[in-house]
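Peer 1: Top line first, the protein sequences correspond to chains A and B. Residues 1 to 396 in my numbering are what the first sequence spells out, letter by letter. Residues 1001 to 1140 in my numbering are what the second sequence spells out, letter by letter. Ideal Cβ placement from N, Cα and C applies to all residues, glycine included. Predicted, not measured: the structure shown is a model, and the values here were computed from it.
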Amino acid sequence: MKTYEQINDRIASGKAVVLTADEIMDYVDKKGLEAAAKEVDIVTTATFGPMCSSGCFLNFGHSKPRIRMSEAWIADVLVYTGLAAVDVYLGCTELRHGDPANMYPPGEFRYGGGHVIEDLVAGKTLQLFALSYGTDCYPLREIRTYFTIDDLNQAIMVNPRNCYQNYNVAINRSDRTIYTYMGRLDPHQKNGNYCSAGQLSPLLNDPYYETIGVGTRVWLAGAHGHVYAEGTQHAGGVGRTPDGVPTGGSGTLALTGDMKQMRKEFVRGVSFSGYGVSLALGIGIPIPILNEEVLRRTCVRDRDILAPVVDYGSDYPQNTGNVICHVNYEQLRTGQIQVHDETVEVGSLSSYYKALEVANLLADEIRRGEFLLAAPITPLRRDTKMKPLVKREPPR
Amino acid sequence: MNDDTVTKKLMFYFPRCECDKPIVYHLVKDHHLIVNIYRAKVTPEEEGYLVLDVTGTEQAIQGAIDFVKTFNVTVNYSGKGVALDEERCSHCGYCIPYCPPGALKISDCATRKVAYNESECIECLACIRICPFGACTSAF
Ligand code: SF4
Ligand code: SF4
C-alpha cells in the first residue's frame, strides 16, 4: 500500500519508478504482482485521437475604446460571445464562415475550430473580427485586428468530453458509402474504423475510476491540466467484463489546461471528408500504483478489451442501440475482424504511436520530478446510465 | 553490360506541356521499355505531369531519360506524385484500408508507426481525401 504523498515524495526526490501502460504487463508477468506493486510507483496511460467535445475560452483584453463583443470570428470561425465583454468560447467543430459543408457531398471541411486551436498553439497570427451593438460603457461597434496566443490574457482549453473509456467499431451495412465522424465507411461492411488507444487508454487502465477522478492532474497536450468534472455522457454504469472493462462507451472525462503551455504536435485540427472538423489531442494520465489491485488493472491487454461493432448505415443514426457483435483490440490491431464470418478490413482513427509518445513523455517528466500527482477530490460515478433525448408534446 | 531488367517509378514534369509529341510512344518503340502510366495531367497553365513505371535494362532506361530531357523535362526519381508529410502524419493508420496496393502500412507492430512506400503507390489519391490531418499531398 502506498499513498499519494509517498509517491509524490519519491517523484520529488527523483526516485519514482515509472512504466508506461504498454510496458507494465510484461514487467508484472516477470516480477509477479506483489513485487511489482511494491516497486512500481506510477503507470502512465495515454491516448491521441479526435475528441469533438473540445474547445477553449479566450480573453482578449480591452480595446480603446472598449467593445462588448456580441458576435465574433477568429480566422472566420464563429466563436461564442454570450459571456463577459471580451471572453469568448471557441469550439473545435465550428466550421469556417462560408464553408459549403455538405452542399456538394462529400464536403472537404478544410478548416474550422480545431484548426484555429492548432494555429493558436503553433503561435500563428490570426484575425479577430468582432461586432457589437454598442453600449455606453462599451461604445466600439466593430473591431478587426490580428493577434497571437501571446497577446491573450488567457487561453484555457476546456473540454467537456475527452478520453472515452471505450468506443464503437463503426461499419456500414447499407448499400451506399457513408461519411461519418468515424470516417468513410464503404457499403456492405467493406471496411470499418475504431477509435481507442486500447491497452494504453487512461480509463481502460483504471476501469472503476479508483485513481482518476475530478481533480486528477493530467498531461493535456503538454500542459499540466486536470479533470474538472465527469465528462458529458459519462455513463459509468454500463456492462463490463469480469475484469471491469466496459463493453461500450462508458466513462468520459472533462479536462482543462493552459493552452499557452501546450505543444503543437499534440493539438491538431482534423477534417473528416463528408462529416466536418474536429480536434485531435494527445492526453496522458498517470496512475499511481496505490496497491496490487490498481496495478493488476493497469495490466489490461488489447485482447481483454471488447469493443462493440455498430452499423453506422442504420443502427447508429436511428439510435436503435443494436450491437452486431464484439471484437477485441488484439483482433482490431491485425487490421481485420470477422463480422458474421465475413472479413472486414479495419483502420484506426486514434493513433497508438502518438499515444505511446505521450505516455513516454509523461513518464520522463515524472522521472525528472517535474510532474506531481494530484489525488482526486471527487470520484467519478459508477452507476449512471446515458439518457436519451425524448421528443415530447408541448406542456399544457 | 548488364542485361537485367529493372522497374523504376519516375515522375516527369514538363514546364511547358508537349502534348503534341508522342513521348510515351518513343519510350516503347525506340527505347524498348515497358511503360505503365499511373497518372498524367495537363494543368490550366499548360504544365504537364506524368507518373509512370518503366521496365527495361538500366541502359535503356537511361537512354530514355536522356531522350525525355531533350524536352526540357524535370525527371524526379524520388518525391513523385504523392507525398506523405512526416510532420503532419499522426500515424493513426486510418488511411491504411483505403490504400489499394498497401503503400501505406504499419511498419512496426510495437509502436504502430505508419510508413509510406512511395514505390508501391499507384497514385489513386484516395489517401489525400481520407487523411484527416492533411498529411498526404499530391504534387499536381
Ligand atoms: S490517415 Fe493521415 S495521419 Fe493517419 S496514418 Fe494515414 S497519413 Fe498518417
Ligand atoms: S495515392 Fe493511393 S496508392 Fe498512393 S499512397 Fe495514397 S491511397 Fe495508397
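Just how far apart, CA to CA, sit F109(A) and K1029(B)?
Peer 2: Counting from 1 along the first sequence, the entry for residue 109(A) is found at position 109. Counting from 1 along the second sequence, the entry for residue 1029(B) is found at position 29. Rounded to whole angstroms, F109(A) to K1029(B) spans 46 Å at the Cα level.
Peer 1: Any heavy atom of ligand 1 closer than 7 Å to the CB of C163(A)?
Peer 2: For the purposes of this step, residue 163(A) is taken as the residue at position 163 of the first sequence. Every heavy atom of ligand 1 is 7 Å or more from the Cβ of C163(A), so no.
Peer 1: Excluding five sequence neighbours on each side, which residues of the same chain lie with their C-beta closer than 6 Å to the C-beta of Q331(A)?
Peer 2: To locate residue 331(A), count along the first sequence from 1; it is residue 331. So the list reads I337, once near-sequence residues are dropped.
Peer 1: Helix, strand or coil for N322(A), going by three-state DSSP, please let me know.
Peer 2: In the first sequence, residue 322(A) corresponds to position 322, counting from 1. In the structure shown, N322(A) sits in coil (DSSP, three-state: anything other than H, G, I, E or B).
Peer 1: Note down the Cα distance separating P1015(B) from I24(A), rounded to an integer number of angstroms.
Peer 2: Here the question's residue 1015(B) lines up with position 15 in the second sequence. Here the question's residue 24(A) lines up with position 24 in the first sequence. Rounded to the nearest angstrom, the two C-alpha atoms are 57 Å apart.
Peer 1: Would E330(A) count as contacting chain B if we go by Cβ distances under 8 Å?
Peer 2: Counting from one through the first sequence, the residue named residue 330(A) turns up at place 330. By this cut-off, E330(A) is not an interface position.
Peer 1: By DSSP, does V142(A) sit in helix, in strand, or in coil?
Peer 2: Taking the first sequence and counting its residues from 1, one reaches residue 142(A) at position 142. First, the amino acid is wrong: residue 142(A) is Glu here, not Val. Taken through DSSP and simplified to helix, strand or coil, E142(A) comes out as strand.
Peer 1: Between the region 8-22 of chain A and the region 313-330 of chain A, do at least 3 Cβ pairs fall closer than 8 Å?
Peer 2: no
Peer 1: Identify whether I377(A) lies in helix, strand or coil by the three-state DSSP scheme.
Peer 2: For the purposes of this step, residue 377(A) is taken as residue 377 along the first sequence, with counting starting at 1. Reduced to three states, the DSSP call for I377(A) is coil.
Peer 1: Between A1103(B), D1108(B), C1131(B), F1067(B), which lies nearest to E1120(B) when the distance is taken from Cα to Cα?
Peer 2: Along the second sequence, one-based indexing puts residue 1120(B) at 120. If we check each option's Cα against that of E1120(B), A1103(B) comes out closest.
Peer 1: Please name the residue, chosen from G1048(B), P1101(B), N1036(B), that lies closest to E1018(B) on a Cα-to-Cα basis.
Peer 2: For the purposes of this step, residue 1018(B) is identified with residue 18 of the second sequence, where counting begins at 1. Per the Cα distances, G1048(B).
Peer 1: Determine whether the Cβ of Y1116(B) lies closer than 8 Å to any Cβ atom of chain A.
Peer 2: Translated into positions along the second sequence, residue 1116(B) becomes position 116. Chain A contact via Cβ: absent.
Peer 1: If you measure from the beta carbon of P308(A) to each beta carbon in chain B, is any gap under 8 Å?
Peer 2: Start at 1 with the first residue of the first sequence, and residue 308(A) comes out as number 308. Judged by the 8 Å Cβ criterion, P308(A) is not in contact with chain B.
Peer 1: Quick one, are the C-beta atoms of G107(A) and T93(A) less than 8 Å apart?
Peer 2: Within the first sequence, the letter at position 107 stands for residue 107(A). Within the first sequence, the letter at position 93 stands for residue 93(A). The answer is no: Cβ separation not under 8 Å.
Peer 1: Please confirm if R1016(B) has its CB atom under 8 Å from at least one CB of chain A.
Peer 2: The residue you call residue 1016(B) lines up with position 16 of the second sequence. Among the CB atoms of chain A, none fall inside 8 Å of the CB of R1016(B).
Peer 1: Once the 5 residues before and after K1113(B) are set aside, which same chain residues still bring their CB inside 8 Å of it?
Peer 2: On the second sequence, position 113 is the one that residue 1113(B) refers to. Once the five neighbours on either side are set aside, the close Cβ partners of K1113(B) are H1091, I1106, S1107.
Peer 1: Would N1117(B) be called buried (16 or more neighbouring beta carbons within 10 Å of its own) or exposed?
Peer 2: On the second sequence, position 117 is the one that residue 1117(B) refers to. Exposed, by the Cβ-count rule.
Peer 1: With 8 Å set as the bound, which would you pick, yes or no: does the beta-carbon of N191(A) sit closer than that to a beta-carbon of chain B?
Peer 2: As a working mapping, residue 191(A) is identified with position 191 in the first sequence. Chain B contact via Cβ: present.
Peer 1: Starting from the C-beta of I1130(B), find all residues in its chain whose C-beta is less than 8 Å away, skip the five residues before and the five after it, and write them out in chain order.
Peer 2: Here residue 1130(B) corresponds to residue number 130 of the second sequence, with the count starting at 1. Excluding residues within five positions, the ones whose Cβ falls inside 8 Å are Y1094, C1095, Y1098, C1136.
Peer 1: Counting only beta-carbon atoms, is Y353(A) nearer than 8 Å to chain B?
Peer 2: Your numbering for residue 353(A) matches position 353 in the first sequence. Yes, because at least one Cβ of chain B sits closer than 8 Å to the Cβ of Y353(A).
Peer 1: Just to check my reading of the structure: L200(A) and A46(A) have Cβ atoms closer than 8 Å, yes? What is that Cβ distance to the nearest angstrom?
Peer 2: In the first sequence, the residue the question calls residue 200(A) occupies position 200. In the first sequence, the residue the question calls residue 46(A) occupies position 46. The Cβ separation is near 6 Å, so the contact holds.
Peer 1: Is there a Cβ from chain B that is less than 8 Å from the Cβ of F57(A)?
Peer 2: For the purposes of this step, residue 57(A) is taken as residue 57 along the first sequence, with counting starting at 1. Output row for F57(A): interface = no.
Peer 1: Using a 10 Å radius around the Cβ and a threshold of 16 neighbouring Cβ atoms, would you call Q1062(B) buried or exposed?
Peer 2: Within the second sequence, numbered from 1, the residue matching residue 1062(B) stands at position 62. By the 10 Å Cβ count, Q1062(B) comes out exposed.
Peer 1: Could you have a look at H234(A) and say whether DSSP puts it in helix, strand or coil?
Peer 2: The residue labelled residue 234(A) in the question sits at position 234 within the first sequence. DSSP places H234(A) outside both helix and strand once states are collapsed to three, so it counts as coil.
Peer 1: Is there a Cβ of chain B sitting closer than 8 Å to that of G263(A), yes or no?
Peer 2: Residue mapping note: residue 263(A) aligns to position 263 of the first sequence, counting from 1. The amino acid at residue 263(A) is misidentified as Gly; the sequence shows Arg. Not one chain B Cβ lies under 8 Å of R263(A).
Peer 1: Only counting runs of 3 or more residues, tell me where the beta strand (DSSP E) segments fall wholly within the region 37-108 of chain A, in order along the chain.
Peer 2: 42-50, 55-59, 71-74, 77-79, 87-91
Peer 1: What does T1111(B) touch in chain A if you count any residue whose Cβ is under 7 Å from its own?
Peer 2: Sequence index remark: in the second sequence, residue 1111(B) carries index 111 (1-based). Correct list: Y353, L356.
Peer 1: Where does A190(A) fall in DSSP's three states?
Peer 2: Numbered from 1 along the first sequence, position 190 holds the residue referred to as residue 190(A). The question names Ala, but residue 190(A) is Lys in the sequence shown. Correct three-state label for K190(A): coil.
Peer 1: Where I11(A) and R368(A) are concerned, what is the direct C-alpha to C-alpha distance, given to the nearest angstrom?
Peer 2: Along the first sequence, read from residue 1 onward, the residue named residue 11(A) stands at position 11. Along the first sequence, read from residue 1 onward, the residue named residue 368(A) stands at position 368. Taking the straight line from one Cα to the other gives about 8 Å.
Peer 1: Starting from the Cα of A1126(B), find the closest Cα among R66(A), T135(A), G183(A) and give me that residue.
Peer 2: Stepping through the second sequence from its first residue, residue 1126(B) is reached at position 126. When only C-alpha atoms are compared, the closest one is G183(A).
Peer 1: Which same chain residues end up closer than 7 Å to R68(A) when comparing Cβ atoms and leaving out the 5 residues on each side of it in sequence?
Peer 2: Here residue 68(A) refers to the residue found at position 68 of the first sequence. The residues are A85, S132, T135, Y138.
Peer 1: Note down, in chain order, every chain A residue with its Cβ under 7 Å from the Cβ of I1096(B).
Peer 2: Taking the second sequence and counting its residues from 1, the one referred to as residue 1096(B) is at position 96. At a beta-carbon threshold of 7 Å, the residues of chain A lying near I1096(B) are G335, G347, ordered along the chain.
Peer 1: Using the beta-carbon count (16 or more within 10 Å), is S13(A) buried or exposed?
Peer 2: For this step, residue 13(A) is matched to residue 13 along the first sequence. S13(A) is exposed by the Cβ-count criterion.
Peer 1: Can you pull the chain A residues whose beta carbon is under 7 Å from the beta carbon of S1149(B), in chain order?
Peer 2: Residue coverage of chain B in this structure runs from 1001 to 1140, which leaves residue 1149(B) outside it and unanswerable.
Peer 1: Is it buried or exposed, R396(A), if we count other Cβ atoms within 10 angstroms and call 16 or more buried?
Peer 2: For the purposes of this step, residue 396(A) is taken as residue 396 along the first sequence, with counting starting at 1. With fewer than 16 other Cβ atoms from the protein chains shown falling within 10 Å of its own Cβ, R396(A) counts as exposed.
Peer 1: Measure the CB-CB distance between V1035(B) and V1024(B) and report whether it falls below 8 Å.
Peer 2: Locating residue 1035(B) in the second sequence gives position 35, counting from the first residue. Locating residue 1024(B) in the second sequence gives position 24, counting from the first residue. Yes, Cβ-Cβ distance for V1035(B) and V1024(B) is below 8 Å.
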